[in-house]
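Since the structure comes first, as structure tokens, the remarks are kept for the end.
Protein chains: 2
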Amino acid sequence: MSQTVRAPVMADVARLAGVSHQTVSRVVNDAAHISPETREKVLDAIERLGYRPNTSARALVRGRTGIIGVIATASVEFGPVSIQRTVEQAAAAAGFFPTSVNLPELSTAALEQAVDHLRTLGVEAVVMIAGHDEALGIVRAQRTGVPVVVAQGDLGRDSSGVGVDQWAAARAVTEHLVGLGHREIVHVSGPLDWAEARARLEGWRQAMFDAGLRPASPITGDWSSESGFRAGLQICQRPEVTAVFAANDQIALGLLRALYECGRTVPGDVSVVGVDDIPEAAYLIPPLTTVRQDFAAVGRRAIDLVQRLVAGEPAEPVPLLVPELVVRSSTAPPPPLR
Amino acid sequence: MSQTVRAPVMADVARLAGVSHQTVSRVVNDAAHISPETREKVLDAIERLGYRPNTSARALVRGRTGIIGVIATASVEFGPVSIQRTVEQAAAAAGFFPTSVNLPELSTAALEQAVDHLRTLGVEAVVMIAGHDEALGIVRAQRTGVPVVVAQGDLGRDSSGVGVDQWAAARAVTEHLVGLGHREIVHVSGPLDWAEARARLEGWRQAMFDAGLRPASPITGDWSSESGFRAGLQICQRPEVTAVFAANDQIALGLLRALYECGRTVPGDVSVVGVDDIPEAAYLIPPLTTVRQDFAAVGRRAIDLVQRLVAGEPAEPVPLLVPELVVRSSTAPPPPLR
DNA sequence: AACCATGATGTTAGCGCTCACAAAGGGGCG
DNA sequence: CGCCCCTTTGTGAGCGCTAACATCATGGTT
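Each protein sequence line maps, in turn, to chains A and B.
Everything in the first sequence is counted per this note's numbering, starting at 542 for the first residue and increasing by one.
Everything in the second sequence is counted per this note's numbering, starting at 542 for the first residue and increasing by one.
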């Protein structure tokens, strides 16, 4: 085993380059007033030694760690994961070090622990990807001392958040269905302590009212295919229903299966729409009409906001992103009146 | 805006408690030989001041950051994401600070940048969740100076890895199919520069030989539903095929759709099996027979290994985890010979 | 010719913490 | 009663770096 040689430090570089450590520091942080020759010498020494600055020392003296905490649920669903990925990428691209905490459960204790962990690390800001209200409340209540940005949560009452206009998504879906001639459109919602679930519910309801239709009471799901399947079984009992708007694609997937089981064809007898446009959506039976969201943009905007807040600028509200309806084969006009 | 008061440091606690900073340090790190009263006083002062140790300062003097780097692909697929989640959780549970880098593309440049980023952070170890060979090679070639543990990659030639026995998974699937009476079993593989894809391919091939069957040449996919759909279209042209073993559930999903399109019923005409047991697998049409893997165990073991390597212990090979066949409704005996 | 702005570099201090060592006090034992 | 050892606490140095200031040429300006 090669005896661990001490990693080179700034002083080593300085010695090799024949300059002071401060000059090395200047080159590393490319400050002004360095002669080209000196810079060259220093760069060369750095290269030769394989030197890299010690982040801890730098953070210590600067009083800034450059670390951004990301709190997310441990779910492996397409939406949250996609947002998390893009948040992390955008953070890294902006020169931050993203550090994630993925919570298996959204208990108060778990959240407090997560925040504690992040504070210990010295994060400069926190991005929350839990659209779950209570979670948000707990983190806010912790007085983290650093800016908290919410991605895709309840963005109404607080300006430091970014997300997609779920209300508009639901409206677009409902209007599409109404436009095809549907009148009995059922909504299978997500859990209502999620802001996104509520926004989709409200968008649907509003669009129904606007179309002069009476929205039947929605069925509450939990984002899972299983809940979609159960909802579908209920809908099988209701022959008047000709269209179902599922709060996400997983629910729609379960729905498709239940409808298949009870012999209702899609889209012949019933139209089905989801939200998210998961990669599998185009390959379901039948290919699913759904709503595409630009998750990458959410991530980028979240980090933009973080940068602004870290710099001490006031948080202007970020406009919501506009989702896009993707029409495939799971929607069609309702069957002729019987 | 409350004027930013300097965060309390150890000296502040010491002053308030009437002891030296060193005594505070001892309490914080709960060292031996501290009288109960002193500990009490210090703890009280810490509480009152809301003190928390500065991680950078600590890392600087200790020469250890406690940070573990996780390199993963930016994919949002169930398997990799699940492993990543559990690795992160296990790392946090072990007192480390996990930091992930998710690569949108597996180019050399991107990987080098990722490693560079992690080294800058001062990681003590790296966990790679890319089963992709080349990625692994690039990271290994970087001489990171810290242990690299591979989760779910090519584990054969190197001891510092943990994973599930994909070869056994493929065998179990194939034997299940053979046991049902199938003789023309096609494999739709993952990309063959992925170790897992190769292991599944080999397991299938071996099981076919062992059963005295001639394995037809496999169709190569890329893990996506789309590739599964395309493969399915090919299989539609081959009436002799009565069973398909897909390298993952997404591929199986696309396959199901293609077979549906061309009028081959599942499992009546063709049996289909996937791998991963994604949450949706039970709600496909029909519910998918697949292989369940204990991803949480992979994560835990990876961190166990990391701890051992960081402590300087030799890396004993970790035995592969055994996957579990989950039989649902997409497999049945082949149709009677015509 | 005296002056000072400017660029290039060096010197010093100190960020907040842990490590190594020193020092003080108390009890057991011959 | 003196010695030694153990417990408890304190002191000083220094981890690797950046910020602030000091220094020293240089060259244009009056």
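Built from N, CA and C at the ideal position, the CB exists for glycine as well.
Inset, instruction - From the DSSP output, read off the bridge partner residues of A:G702. - result: Here residue 702 of chain A corresponds to residue number 161 of the first sequence, with the count starting at 1. According to DSSP, which records beta bridges pairwise, A:G702 is partnered with A:V691.
Legend entry - Proximity test, Cβ basis, 8 Å: B:G663 and chain A: Here residue 663 of chain B refers to the residue found at position 122 when the second sequence is read from its first residue. At a cut-off of 8 Å between beta-carbon atoms, B:G663 makes contact with chain A.
Inset, instruction - Might you give, ordered along the chain, the residues of its own chain that have their beta carbon closer than 8 Å to the beta carbon of B:V568, omitting 5 neighbours on each side? - result: Taking the second sequence and counting its residues from 1, the one referred to as residue 568 of chain B is at position 27. So the list reads I575, T579, R580, V583, L584 and I587, once near-sequence residues are dropped.
Legend entry - A:V729 beta carbon less than 8 Å from that of A:A787: Translated into the one-based positions of the first sequence, residue 787 of chain A becomes position 246. Translated into the one-based positions of the first sequence, residue 729 of chain A becomes position 188. Cβ atoms of A:A787 and A:V729: closer than 8 Å.
Inset, instruction - In angstroms with no decimal places, state the Cα-to-Cα distance between A:R741 and A:A710. - result: On the first sequence, position 200 is the one that residue 741 of chain A refers to. On the first sequence, position 169 is the one that residue 710 of chain A refers to. Whole-angstrom Cα-Cα distance: 7 Å.
Legend entry - Selection of the stretch 815–827 of chain A by Cβ proximity to chain B, strictly under 8 Å: P820, E821, A823, Y824, L825 and I826
Legend entry - Closer than 8 Å at the beta carbon, the chain B residues around A:A615: As a first step, residue 615 of chain A must be located in the first sequence, where it is residue number 74. The contacting residues are R626 and Q630.
Inset, instruction - With 8 Å as the threshold, decide whether the Cβ of A:N643 is near any Cβ in chain B. - result: Taking the first sequence and counting its residues from 1, the one referred to as residue 643 of chain A is at position 102. Interface flag for A:N643 against chain B is set, since a Cβ pair is found closer than 8 Å.
Inset, instruction - Just mark A:N570 as buried or exposed, buried being the case when its beta carbon has 16 or more other beta carbons within 10 Å. - result: As a first step, residue 570 of chain A must be located in the first sequence, where it is residue number 29. Label assigned to A:N570: exposed.
Legend entry - Start and end residues, beta strand (DSSP E) containing B:L644: Locating residue 644 of chain B in the second sequence gives position 103, counting from the first residue. F638 to L644 is the extent of the beta strand (DSSP E) around B:L644.
Legend entry - For A:I608, the three-state DSSP class (helix, strand or coil): Here residue 608 of chain A refers to the residue found at position 67 of the first sequence. DSSP places A:I608 in strand when its eight states are reduced to three.
Inset, instruction - Give a yes or no on whether the minimum CB-CB distance between A:V668 and chain B is below 8 Å. - result: The residue labelled residue 668 of chain A in the question sits at position 127 within the first sequence. No, A:V668 lies away from the interface with chain B (no Cβ there is under 8 Å from its Cβ).
Legend entry - Touching by the beta-carbon criterion (3+ pairs, under 8 Å), the stretch 766–777 of chain A and the stretch 788–797 of chain A: yes
Legend entry - Beta carbon of A:Q707 nearer than 8 Å to that of A:G744: The residue given as residue 707 of chain A occupies position 166 in the first sequence. The residue given as residue 744 of chain A occupies position 203 in the first sequence. Yes.
Legend entry - Residue-level contact to chain B via CB, A:S870, 8 Å cutoff: Your numbering for residue 870 of chain A matches position 329 in the first sequence. The beta-carbon of A:S870 is placed no less than 8 Å from the nearest beta-carbon of chain B.
Legend entry - Reduced DSSP secondary structure (H/G/I, E/B, other) of B:H658: The sequence position of residue 658 of chain B within the second sequence is 117, counting from 1. In this structure, B:H658 counts as helix in the three-state DSSP scheme.
Legend entry - Proximity below 8 Å, CB of B:V847 to CB of B:V690: Indexing the second sequence from 1 puts residue 847 of chain B at position 306. Indexing the second sequence from 1 puts residue 690 of chain B at position 149. Yes. Within cutoff.
Inset, instruction - Assign A:S623 to one of two classes, buried (16 or more other C-beta atoms within 10 Å of its C-beta) or exposed (fewer than that). - result: Taking the first sequence and counting its residues from 1, the one referred to as residue 623 of chain A is at position 82. With 16 or more Cβ atoms within 10 Å of its Cβ, A:S623 is classed as buried.
Inset, instruction - Tell me, please, whether the stretch 658–678 of chain A touches the stretch 831–838 of chain A by the rule of three or more beta-carbon pairs shorter than 8 Å. - result: no
Legend entry - B:F619 to A:P876 span [Cα, whole Å]: Here residue 619 of chain B is taken as the residue at index 78 of the second sequence, counted from 1. Here residue 876 of chain A is taken as the residue at index 335 of the first sequence, counted from 1. Taking the straight line joining both Cα atoms gives about 37 Å.
Inset, instruction - Closer than 9 Å by beta-carbon distance: list the chain B residues that pair up with A:T640, in chain order. - result: Residue 640 of chain A sits at position 99 when you count from the first residue of the first sequence. Per Cβ cutoff of 9 Å: I608, F638, P639, T640 and S641.
Legend entry - Limits of the beta strand (DSSP E) - the one that A:R833 falls within: The residue given as residue 833 of chain A occupies position 292 in the first sequence. Looking at the DSSP string, the run of the beta strand (DSSP E) that includes A:R833 is T831 to R833.
Legend entry - Partners in chain B for A:Y592, counting only beta-carbon separations shorter than 8 Å: Numbered from its first residue, the first sequence carries residue 592 of chain A at position 51. None at all; the shortest Cβ gap to chain B is about 11 Å.
Inset, instruction - Could you name the residues of the same chain whose beta carbon sits closer than 6 Å to that of A:G722, not counting the 5 residues immediately before and after it, in chain order? - result: Reading the first sequence from its first residue, position 181 is the one you call residue 722 of chain A. If we look at A:G722 and ignore the five residues flanking it on each side, its Cβ neighbours are P874 and P875.
Inset, instruction - Go through its chain and collect everything with a Cβ distance to A:G762's Cβ below 7 Å, but skip five positions before and after it. - result: As a first step, residue 762 of chain A must be located in the first sequence, where it is residue number 221. Only V729, S730, G731, S768, G769, A772, A788 and I792 meet the Cβ criterion.
Legend entry - Selected residue, minimal CA-CA separation from A:R712, among A:A752, A:A682 and A:G702: Counted from its first residue, the first sequence places residue 712 of chain A at position 171. Of A:A752, A:A682 and A:G702, the residue nearest in Cα terms is A:A752.
Inset, instruction - On a CA-only basis, which of A:W764, A:E821, A:T715 and A:A573 is nearest A:V813? Give me that one, please. - result: Numbered from its first residue, the first sequence carries residue 813 of chain A at position 272. Minimum Cα distance to A:V813 is reached at A:T715.
Inset, instruction - Compute the distance between the beta-carbons of B:V668 and B:I609, then report whether it is under 8 Å. - result: Along the second sequence, one-based indexing puts residue 668 of chain B at 127. Along the second sequence, one-based indexing puts residue 609 of chain B at 68. Closer than 8 Å, so yes.
Inset, instruction - Kindly indicate the opening and closing residues of the alpha helix (DSSP H) around B:V714. - result: Taking the first residue of the second sequence as 1, we reach residue 714 of chain B at position 173. Under the DSSP assignment, B:V714 falls in the alpha helix (DSSP H) whose first and last residues are Q707 to L721.
Legend entry - Short CB-CB distance (under 8 Å) between A:A856 and chain B: Reading the first sequence from its first residue, position 315 is the one you call residue 856 of chain A. No, because no Cβ of chain B sits closer than 8 Å to the Cβ of A:A856.
Inset, instruction - In angstroms with no decimal places, state the Cα-to-Cα distance between B:V550 and B:V565. - result: Stepping through the second sequence from its first residue, residue 550 of chain B is reached at position 9. Stepping through the second sequence from its first residue, residue 565 of chain B is reached at position 24. Roughly 10 Å between the two C-alpha positions.
Legend entry - C-alpha distance - B:R779 paired with B:Q693, whole-angstrom precision: Position 238 of the second sequence, counting from 1, holds the residue named residue 779 of chain B. Position 152 of the second sequence, counting from 1, holds the residue named residue 693 of chain B. Distance between B:R779 and B:Q693, taken at the CA atoms: about 34 Å.
Inset, instruction - Examine chain A for any beta-carbon lying closer than 8 Å to the beta-carbon of B:V569, and answer yes or no. - result: Taking the second sequence and counting its residues from 1, one reaches residue 569 of chain B at position 28. Not an interface residue.
Legend entry - Environment of B:R603 [buried if 16+ CB atoms lie within 10 Å]: Counted from its first residue, the second sequence places residue 603 of chain B at position 62. It counts as exposed.
Inset, instruction - Would you mind working out which of B:A837, B:S616 and B:V859 sits nearest A:P880, comparing C-alpha positions? - result: A query on residue 880 of chain A cannot be resolved here, the shown segment of chain A reaching from 542 to 879 and no further.
Legend entry - Residue closest to A:A613, alpha-carbon to alpha-carbon, out of B:C777, B:R626 and B:S766: To locate residue 613 of chain A, count along the first sequence from 1; it is residue 72. It is B:R626 whose Cα lies nearest to the Cα of A:A613.
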